[in-house]
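This report refers to the structure that appears directly beneath it.
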Amino acid sequence: MKIRFLLPLVVTLCFATQLLAMPKNSNPLSDSRVRQAIAYAIDMDTIQETLLEGKAIVADSHIPNGPFKKPGLPKYSYDPDKARQLLKEANWNSSQELDMVYYYSDQLTVDLMTAIQAYLSDVGVKMNFRKLEGDVGAQLWTAPKDPQNGPSAVKWDLAYGAHGPLALQEYFSRYKTGDMSISPADAKVDSMIDVLTSTADIAAQKKIFFEMEDYMQTELFTLPLYYQQAFIYESNKLNRNGGIYGNPQYNYDWDVTKWTVEPDANGKMVMNTNTGPMEFFEHPWFNPGLFITNKVLFDRLISCDGGLAPTRPKMAKYYNLSKDAKTLTFELKNGLQWHDGSAITAEEIKWNIELALKVPNIMPIFKTTFSYLEGAEAFMNGSASSVSGIAISGNKITLSFAQVDPNVLLTFTQWAPLPRKYLEDVDPAKFQQHPFWQNPVGSGPYKVQEVKMNDYLIMVPFENFHEGVARIDEIVAYPSKDNDANLVKNASAGSLDYGFTKNVADVKALEEMDHMRVIPADIPYTRMVWFNKYAKN
Amino acid sequence: MFVYFTRRLLYLIPMLLGISFLIYLGLELTPGDILSYLLPPEAIADLKPEELIAMREALGLNDPFIVRYLYWLGGILQGDFGYSLASGVPISKLVLERIPATLELSIAALLFSTLFGVILGSISALKRGSLMDNSLTVFGMIGVSIPEFIFGLIALVVFALQLEWLPVGKRLMPGYDSYWDHMPHLVMPAMVLGLIMTAGVMRYTRSSMLDSLNKEFIRTARSKGVPEWRVNFIHGLRVALIPVVVLIGFRLPMLIGGTVIIEQVFQWPGIGDLFVNAVRGQNYPLVMMISFLSVTAVLFASFLIDLLTALLDPRIKLE
Amino acid sequence: MTRRPTRLDKKFDLLREKTEQGTLKAPSSNRALNKLASNKLAVLGLAFVTIMILASVFAPLVTQYDPQKVDLRMMLKPPSADHILGTDKIGRDVFARIIYGGQISILVGLGSALGAALIGVSIGAYTGYKGGWWDSTFLRISEVVMSFPQIILVLMLVTILGQSLMNLIIIFTLTGWGSLYRLTRAQMLSLREEEYVQALRAFGLNTFTICFKHILPNALGPIMVNITLSTAMFILQEAGLSFLGLGVPLNIPTWGNILNVAQDLRILQNYWWVWLPSAVTISLFVLAINFVGDGLRDTTDPTMQG
Amino acid sequence: MSADQKVLSVKDLKTYIYVNNRCNKALDGVSFDVYRGKTLCVVGESGCGKSITASSITQLLPKLSRIESGEIVYHSERGNIRIDQLERNGPEMRALRGAEISMIFQDPMTALNPVYRIGSQISEGLQYHSKNTLAQLKQTSIDLLRQMGIPLAEQRVDDYPHQFSGGMRQRAMIAMAMSCKPKILIADEPTTALDVTIQAQIFELIDELKQRHNTAVILITHDMGVVAELADHVAVMYMGNIVEQGTVDDVLRHPAHPYTEALLKSIPILGKGKQQQITPIQGSTPDPYQRPKGCQFEPRCPYATERCQTFPDSQSISATHDALCWHSEKVLSHA
């Protein structure tokens, strides 16, 4: 519908491509030449080698390297002369100071900002940076009332940050007119996003991705700096016994049940790790795999490979996505149990999906998938008591979608159902605050044995796990966030057997330890500089 | 005496009321948003403004100020310290869980610093002007001049990582059954915090002892022909201790403050750690309650110190 | 049975000899200054503090390097003839950063101490002299402020005001005035009973003049001591806050921020020149200030003799 | 006065004080004797060295001072003891203090330890100089307090010093000093800090004790009235020297030193009525660091001559009476 309405606009705009290299408003950053000049001014290769110690990949698009990335995208390799020339063409006013913001509190970010500042000043662009405090989200992403002309509702000119979505489409879907604080309405982008988010066919997806990447990178809507890698570290005591490595921030077929650890003096296999709960167990619907607890306490319907491509059914006996990608059918395995021994039913899965629709902070792709279900809208606004698009018969669940979601299978590789009987009374707005999250009951290969909230968490194998009982006797998780500040201390002291980090400095230190090994993993996690292209007042 | 202390205790009430109001007022002015703590910044980027507003409303962040203050105060009076915004866990539970750790650390550090400070300070005063006195004074000064976290980190690298004498940090570990099992974990944080505080106690004991040794009653004691140790300790130190105890009372806030940084260095799961996390996460109720409770603790402890001073100094009973 | 000579005896013999020969110099007229000068540690401390302040103020003359000049190809180089204290993680000259960092650290320390003194002393002097309602009000307020563990109050205010250089100075000032207030007030309470004050009052001088012009100068000794000691304390606190990531924004070089990289154990263990010089600088500076403060205390405190 | 009655003789005692890197010759050759059951009053202006004399005898001198030369001999039952040669706080010295020679200080407010009960402070010396059980010690304290005329001694023995009035504290101090029945009691201006009405009571008490126990008393005072009342012998001190000494009769009635003469003229004598002429001593005490070359009193002395530029020898007026003045004859005849 929308596409048909927008088509004439796209055509008109195609004529205007010549005009694109002009400032669109009073903000010089709306001029693509200025943005390109900034890109040329920064020597990302040197930064990658030195500051990032080679532990990153220089980016030439939002999208990480892989089949969905168009070969030969413009790279903007370091060329200060070109930068100066472009700035001259764009009549850059050298007295203007750009205001750059960021929200990380680590030393590396400050160092990177300092380096970028130095590079920019080299070509005659003044830039000052500051860390955002307080309500970061609002300061970054408040969209202007008038998405066409602005003025900008945020103060900054440049923002450094990262985007690491689960589905590649999300990299671009956020540029849709009215959603973002930085880009004036662009019909071409809108129309491409519409195609992107409604195509399930791989070939068609590739085509539109290529098109989109090319447009975004040529115009340099946003400057991708580098692709962050994740670094899995393991002690030499740990053996995955053939289990594969993959994106450690999400769930994949890592076969944790087969892992072994050198037994301790008592003959017990104990694996020490971090990301244990600090005040509560973070629920798995927002960060499905960032914490060890969410990985091993909960099970998913479908499994996927290390690159998160769906591969096989897991809790499901089988699954089937119809040709038009609008109907997904599962059948649950027989005899599935929660950790407390009660049965997992198909009815419970339905209740879970309905709850997920009402919980405000869940992972965006889950939200998208569920809200595309038939009758989801009616259920959300209260006019229906249940979602009509979910049909249950015995162990079989049939999901009918009103709209095609290219990531529907991905959702079910990450989304974990929860036991209904503990959460029946939950207020969706305070989902995370429910007492359940002090000692959750799940369906994964490990279950909670002892929670000592500020000291440690002990998890032991779930004796009725449907893929066999796990071999490691105890997983001990010490409390930390996903970027564990005490990682190096604890690893040197030998009290960490598994974990992952994105902190380059930590990786270097881990690599220097004889008893640890580090395995880099490519993840969709792009660090970039956003340009605020709206006019400011 | 009973009247004096009852009065002293009653006096705490308006004080605490004032403090509670100030704390609440102060924290209301924080620009932070609990959502920034609940969600990583990347995630907020993906949420729509109306979703953000709905989430704020649900968390009760939109009531008028005085209403929120009265609710809060009323809650405290009924023993309801509110709930952590992050987890929904009662704050009383969170704090109670952490109290043993902080109490352990601060009492150990307090005992250590008092014992060593008083002993070294007295030696310094008795050997005034000697090499011993001068080196103790200089060491004490160096001690208070090194930032505590550097001191802690170096101790950690040397004793935990290089020599492997002591655990690198944390408190309780799986398999610890007896209360004493985790004592090796306590050694380093308590020593580091204790040593930092020792310098102050030592310095103060020295000057108080010098003061006391210059008093007339010291000459009186000597004129009776009693041995020197008795003159110095039973008469000199005993009187010198009174201001030292008062000073330790004054330094209690410093002790609690010191735990904030030391707990971070040694992953000690105490109140300080909880507080830093709460500040970073702008978890208002938690920050408010911890501040309030720490001041209450300080006031109550100084009250106890007053009691102790009265026991040490018979002159106070008349007042 | 003769007494064995002690260390003191030698000193006594010398003094006695000089007295008998009449060669003992009469002490100079300014006893306090004389005493400070005879305190070697205080003189040494004063010299170090002065050198550091001068070096910071005239930083461009001391070092040719720009403290913010990034050279990614020169990162983590050990001390050499070019970079006498080596380079940091992004190739900046560590020596230059310490010298320039001194500007901010000393500004924070001294600025906050002076700010606290301004508030504490003026309130303490006036209300201490006047007494009455204002006096008891401020006494209560100071009690409230001082019963907070300082770092907790500071952290609370950091979250309220946000993290910036100016805010930090304001926060330190707001949290630090209590002790100076108490001190000044106590001095005023005893001095206002002195006879010369009664006399001034009888002359009909106004309160303000008596208070600030006639009494306050007599209380300056202990106040100066307190200001020096507060300066040392604030410099240490700045470092502590940097450690928590809640101090001066990381992009501004301060001693605390330079030292903060020691949190990275790899730097702490392998690249001593990145953090140790700033640790030593902070410690020496604080130590020096403490020595000066102690020296000042000894000279202004008549009960300390010997 | 036979020699066996002598309990203490001080000969040519020099004690110097070294404060602020200077040398103050506080006692510059002091000699006197003390006799059993007699009171020696040492008089003089403040700063003349009275208290230093007292603390030299017990070696309770300030830290930065020392006995340079001279002798202090204590004639004990076991023989003579050279006090000046004992280690300051050594065991021999401690054995004398409290037991044989005890002291009462100027200010009873500060001389008692504020944190201990009166009783325990009184018996503390006794505890070290004799073998007694705790109960005995307490009983002795009570008895002593009662002897000192403190009512309800059984109760007051458990009081703290701050609960006592000034006079009572000084009584307690005396009880403390007398607890071991010493041979010599040194009272260093024991009443200066007390009310006038209490002063007389304290002196009476000291006199009574002296008579009862045959104790020798060295009373340091600047009150000539007290001297007239209590003293057997008088020593007048000026700038670190004893300028005149003798029996009370010798010194008060026949002063042979211009300073004594001036001192006596400068104070009113009770009962002489309004007509008496009071003449203040002219000039002021010199700076101890800028002493006159010869006679210390020379700059203020009406009798001063050229000769006074040299330090005078001691002039013997009679067997019991000496003065340190070239013109003592003149002074004597003047009076």
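Protein chains in written order, with the numbering used here: chain E, 1 to 537; chain G, 538 to 856; chain R, 857 to 1162; chain U, 1163 to 1497.
By construction, the Cβ of each residue, glycine as well, lies at the ideal position given by its N, Cα and C atoms.
Return yes when the Cβ of residue j is within less than 9 angstroms of the Cβ of residue i, no when it is not.
i, j, result
"E:M513", "E:H163", "no"
"E:Y78", "E:A41", "yes"
"R:V977", "R:L1036", "yes"
"G:V832", "R:S1003", "yes"
"E:Y446", "E:L297", "yes"
"G:V782", "E:A493", "no"
"U:V1379", "U:L1202", "yes"
"E:E377", "E:F401", "no"
Can you tell me which residues form a DSSP beta bridge with residue i?
i, result
"E:S303", "E:R312"
"U:C1342", "The partner list for U:C1342 (beta bridge, DSSP) is empty, contrary to what the question assumes."
"U:K1176", "U:D1190, U:S1231"
"E:G499", "E:Y233"
"E:G276", "E:P479"
"U:E1406", "U:V1398, U:A1485"
"U:I1266", "U:A1349"
To the nearest angstrom, how far is the alpha carbon of residue i from that of residue j?
i, j, result
"E:D405", "E:L355", "20 angstroms"
"U:V1389", "U:T1409", "11 angstroms"
"U:K1300", "U:P1344", "19 angstroms"
"R:N1023", "E:N407", "47 angstroms"
"U:V1493", "U:P1448", "22 angstroms"
"E:E53", "R:L1100", "25 angstroms"
"R:I1091", "R:L928", "30 angstroms"
"E:V448", "E:I458", "6 angstroms"
I want to see whether chain R comes within less than 9 angstroms of residue i, judged by CB atoms only; does it?
i, result
"G:E765", "no"
"E:L51", "yes"
"E:M516", "no"
On a Cα-Cα basis, can you pick out the residue from the options that is closest to residue i?
i, options, result
"U:H1237", "U:P1224, U:V1196, U:T1201, U:A1216", "U:V1196"
"R:I1074", "R:S1098, R:T1015, R:N1062, R:Q1043", "Here residue 1074 of chain R is Asn; the residue named in the question, Ile, does not match the sequence. For R:N1074, the nearest C-alpha among the options comes from R:Q1043."
"E:R420", "E:V476, E:D43, E:P440", "E:P440"
"U:V1181", "U:S1227, U:T1467, U:K1173", "U:S1227"
"E:L168", "E:T411, E:R33, E:V426", "E:T411"
"U:D1190", "U:A1362, U:P1420, U:G1232", "U:G1232"
"U:E1391", "U:E1370, U:M1399, U:Q1247", "U:E1370"
"E:G363", "E:A138, E:A143, E:N287", "Note on identity: in this sequence residue 363 of chain E is Met, with Gly being the wrong assignment. For the residues E:A138, E:A143, E:N287, the minimum Cα distance to E:M363 belongs to E:N287."
"E:I57", "E:P520, E:A535, E:Y534, E:K533", "E:P520"
"E:E219", "E:Q433, E:I292, E:K452, E:Y76", "E:Y76"
"E:W415", "E:I472, E:D179, E:G444, E:G276", "E:G444"
Answer with yes or no whether the minimum CB distance from residue i to chain G is below 9 angstroms.
i, result
"E:W254", "no"
"R:E1051", "no"
"E:D455", "yes"
For chain E, is any of its Cβ atoms less than 9 angstroms away from the one on residue i?
i, result
"R:K867", "no"
"R:V1117", "yes"
"R:R1122", "yes"
"R:M931", "yes"
"R:L1011", "no"
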